[in-house]
Amino acid sequence: MISTSVQHEPSGNDPPVIRAPPKSKLNALRSKAERIKRKATTKDGWIGDYDYAWLCTPRLPFMKQGNKQPPFYALDADLPLILAISSGLQHALAMLAGLITPPIIFASSLSLDSQTSAYMISASLIGCGIMSLVQMSRLHLFRGYYLGTGLISVVGTSFATLSTANAIFDAMYKDGTCPSTTDADGSVARGPCPDAYGMLLGTSLICSFLEILMSFCSPKALKRVFPPIVTGTVILMIGSSLTGSSGIVNWGGGSNDCQNRPTTGIFALCPTIFAPRPLPWGSPEFIGLGFLSFVTIILTELFGSPFLKNISIIVGLVVGCIVAGAAGYISDSTIKSAPAITFLWVKTFKLRVYPPAILPMLAVYVSLAMEAIGDITASAEVSRQEVVGDLFDSRIQGGILSDGISGFFSALFTTLTPLSIFAQNNGVIALTRCANRGAGRWCCVFLILFGILGKISGVFLAIPNSVLGGVTTFLFANVAASGIRVLALVRFTRRERFILSAALSFGVGNLLKPDIFTHLFEGVNDPSKGLQGLFDSITIILSTPFLAAGIVAAVLNLIIPFELEEDENPTTSSVEELDVESQQKKN
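Anchor point for the sequence shown: position 254 equals 234 in our numbering, and the numbering is continuous, going up by one each time.
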C-alpha cells in the first residue's frame, strides 16, 4: 500500500497541512462506537447473562433456595445496561437514608423553615452525586499521585460531622451568635439560624486543606499513625454518640426541646404542638411507629430478595410512613411547599468562618482520613482488588485527596460538608457481585436526579421523627458495629488494652454525661476574645465523644512503646478459642 501522506517544508504560500488522526486512534474510536451500538441494539448488551430472577426472588421459608450465584463483574468489565441501571439504583437507595439524615438533623437543630430544609436535602443529593463521580475516577495527576480510588467509592456527609456540628451549634446559641428565647418555665427555644450553617460551611472549606495535604503523605505512614486501634475507637464512638444523641431520641418523638417534656410552649408536645397529631415525648404511639420501621428492616433481612436486602433501610422508611400516614401523623405541607425542580445555589448561605469551630473541624478531617483508609480497604477487598502494594497505596492516596477536595467543593455547592466515603455500598457489591464502575456512575445519575426533583425532598421532610428515629437508630448502630469490626482485627496485647481503655474513659464517659466539660473554663475572669475562642474550641472537642476518644487513642499509640510480651497462659483462653486452635492444627 502506498502512503498518501506527503511531508515537505512549509512555505509562506502553502495552505495549512491537515493531518488525519493516527490509524490507531481511528480504530479505537470505531471499536468504541461498535461497542456502544452493540450494547444498545442487542439483547446481550441490554440483559447479558446475569440471573435477575435470583436478584428479585424473596427468601421465604417454604421456598427452595438454589446455590447458583450470578457472575462477578469486575471494575471495568462489559456490563449489561439493565444490570448497570438496576445495580446503580440499588447503590443510590442504599445510601439514600444516610444522605437525607444529616440535612434533616441540621435543619431541625437550627430551626430552619421547610423550604430551606428541602433545599438542603436536594443540595446534599446533588453535591454527593457529583463528588462521587470524582471519587470513582482515577485521574493521574503527576508522579505517583492520583485523584480518586478507581473503585465504587460513593461519598456522603460524614456522620462524624453530626455530633461535632451539634456541639458547634450549641456553642453558637450559647454565645449569642444564634438567637434563642427562654420561656417562663425555663425551657429554651432556639430561633432560626441559617447563618450558623453558612459558618459551618465556611469553616469546613478552609479546614479541608488539611486532608488535602495529608493525602500527599505516605499511606504507610498514615496507617502507622492511625492503626486499627485508633480508627476502630473513633468509628465506634461516632456510631454510639449518634445513636444516643439523635437516633433513639427521634424514635421517642423528636430530638428538639420536646424531649425534655416542658409543660408550656411549642415543644410541650412532639415534634411541636403544631404537628398533625402531637404527643408527649416517649408516647407509645411514637415508640410503636419507630419499632415498626425497625422490625421491617429485620424482616427484610430475613425474607427479602437480594435487591430488597440492599435497600432494607428504605423499605423500613416506606412501611413506617405508610402506617404513619394512614394514622394521620404526616402532613403534606412540606411536599406542597417544595419546588418541582431545583438545583444548587437556588438558595445560598453566607460563607464565614467561626473561629471556635476551626480546631474541631480540623480534627474531623483527620478522622475522615482515618475512616477513608478502612473504607477503601473494604471496597478493594469486596471488589477483588489488591489490598497491598503500590496500586493499593495509590488508591488510598487518591481517595483521601478526593475526600479533601470534596470537602472544599461541597462547601461551595452549599452541600453539607465534609464528605467522606460511605461504607454501606460495599454490602451492595458483595451481595450483587457487581463491582463495575459503570453501576457506580448510574448511582451518581440517580442521586443527582433525586436532588433535582424537589418534591422528593418534601417527601423526606414529611417523614415523622419516630419513623426516622427507628431507622436511623439501626443505621447509627451499624456504624458502631463497623468500629467493633475494625477493633476485632487488633491483636489485644496489654498495650492495646491500655490504649482502648484510656480512650473509652473519655469517649464513653462523655457519652453518658455530655455536659461534664461545659463548665471547664467558667472560672476564668474576663478572657480576651481570642482566648475565649480557644476555650470554646477545647470545650467543643472535649464535648464530642469521638474526638476526645480519638485524640487520646492517637497520642497514646504514638508515645507508648511496643513491648515483647510472653504468650498468655492458655488456661485464660476460652473453651471456644482452644477448640478453634485444635481444629486448625488438625487441618
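Backbone N, C-alpha and C fix where the C-beta goes; we use that ideal spot for every residue, glycine too. Note that the structure is predicted; figures quoted are calculated from it, not measured.
Going residue by residue through the segment 240 to 321, where are the continuous alpha helix (DSSP H) segments of at least 4 residues, counting only ones entirely within it?
You should have 264 to 283, 286 to 290, 292 to 306 and 313 to 317.
So, for V535: in the same chain, excluding its five sequence neighbours on each side, which residues have a beta-carbon less than 8 angstroms away from its beta-carbon?
none
Taking 6 angstroms as the limit between beta carbons, can you name the residues of its chain near I531, skipping five residues before and five after?
none
Out of curiosity, what's the CA-to-CA distance linking T129 and G233?
40 angstroms
Mapping the DSSP letters down to three states, classify Q136 as helix, strand or coil.
For the sequence presented, residue 136 should be read as Gly rather than Gln. DSSP places G136 in strand when its eight states are reduced to three.
Among the candidates L538, H499, L222 and G378, whose CA atom is the shortest distance from the CA of I192?
G378
According to DSSP, is R170 part of a helix, a strand, or is it coil?
strand
In three-state DSSP terms, what is C414?
strand
Report the three-state DSSP secondary structure of S347 (helix, strand or coil).
helix
Which of the three DSSP states is assigned to I428 in this structure?
When secondary structure is reduced to three states using DSSP, I428 falls in the helix class.
Could you name the residues of the same chain whose beta carbon sits closer than 6 angstroms to that of L35, not counting the 5 residues immediately before and after it, in chain order?
P286 and F287
Leaving out five residues on either side along the sequence, give the residues of the same chain with a beta carbon under 7 angstroms from the beta carbon of L63.
G28, Y30 and C414
Note down, in chain order, each residue of its chain lying with its Cβ closer than 6 angstroms to the Cβ of L40, except the 5 sequence neighbours on either side.
F283
Candidates E281, V275 and N240: which alpha carbon is nearest S263's?
N240
Could you give the DSSP three-state label for F372: helix, strand or coil?
Secondary structure at F372: helix, using DSSP grouped into helix, strand and coil.
Could you pull out every residue in the same chain whose Cβ sits closer than 7 angstroms to the Cβ of K19, ignoring the five residues on either side in sequence?
Closer than 7 angstroms at Cβ, skipping near neighbours: G25 and L61.
Could you pull out every residue in the same chain whose Cβ sits closer than 7 angstroms to the Cβ of I315, ignoring the five residues on either side in sequence?
K435, G438, V439 and A442
In the DSSP assignment, find the beta strand (DSSP E) that holds S160 and state where it starts and stops.
S160 to T162
Apply the 10 Å Cβ neighbour rule to L73 and answer buried if 16 or more other Cβ atoms are within range, or exposed otherwise.
buried
Three Cβ pairs or more, each shorter than 8 angstroms: is that satisfied between the segment 110 to 119 and the segment 477 to 494?
Three or more beta-carbon pairs separated by less than 8 angstroms are not found between the segment 110 to 119 and the segment 477 to 494, which leaves the two stretches without contact.
Quick one: what's Y153 bridged to in DSSP?
Its beta-bridge partners do not exist; DSSP assigns none.
If we ignore side chains and look at the alpha-carbon of each, how far apart do S221 and C250 end up?
22 angstroms
Taking the alpha-carbon positions, what's the V135 to V504 distance?
42 angstroms
Please say whether K327 and T96 have beta carbons closer to each other than 8 angstroms?
The answer is yes: Cβ separation under 8 angstroms.
For V368, count neighbouring Cβ atoms within 10 angstroms of its own Cβ and tell me buried if that reaches 16, exposed if not.
exposed
Please work out which residues of its chain come closer than 7 angstroms, Cβ to Cβ, to F402, disregarding the five sequence neighbours upstream and downstream, and give them in chain order.
M75, G78, V134, V135 and G136
So that I know if they touch, is there some Cβ in chain C lying closer than 8 angstroms to that of V346?
Of the protein chains in the structure, only one exists, and it is not chain C.
Going by the beta-carbon positions, is the gap between L399 and S386 smaller than 8 angstroms?
If you check the CB distance, L399 and S386 come in under 8 angstroms.
Excluding the 5 residues preceding and the 5 following A304 in the sequence, name in chain order all residues of the same chain whose CB lies nearer than 7 angstroms to its CB.
Result list for A304: L269, I310, P444 and V447, in chain order.
Please look up how many angstroms separate the CB atoms of I209 and V333, rounded, as I've assumed it's under 8 angstroms.
In fact, because the Cβ distance is near 34 angstroms, the residues do not count as touching under 8 angstroms.
Whole angstroms is fine: what's the gap from R15's alpha carbon to Y53's?
Roughly 17 angstroms separates the two Cα atoms.
Grab me the residues of L190's own chain with a C-beta within less than 8 angstroms of its C-beta, minus the 5 sequence neighbours each way, in chain order.
L342, Y345, V346 and G384
Please classify Y334: does DSSP put it in a helix, a strand, or coil?
coil
Mind checking N7: buried by the 16 CB within 10 Å criterion, or exposed?
exposed
Would you decide whether Q49 is buried or exposed? Buried here means 16 or more other CB atoms lie within 10 Å of its CB.
Around the beta carbon of Q49, a 10 Å sphere encloses fewer than 16 other beta carbons of the protein chains shown; the residue is thus reported as exposed.
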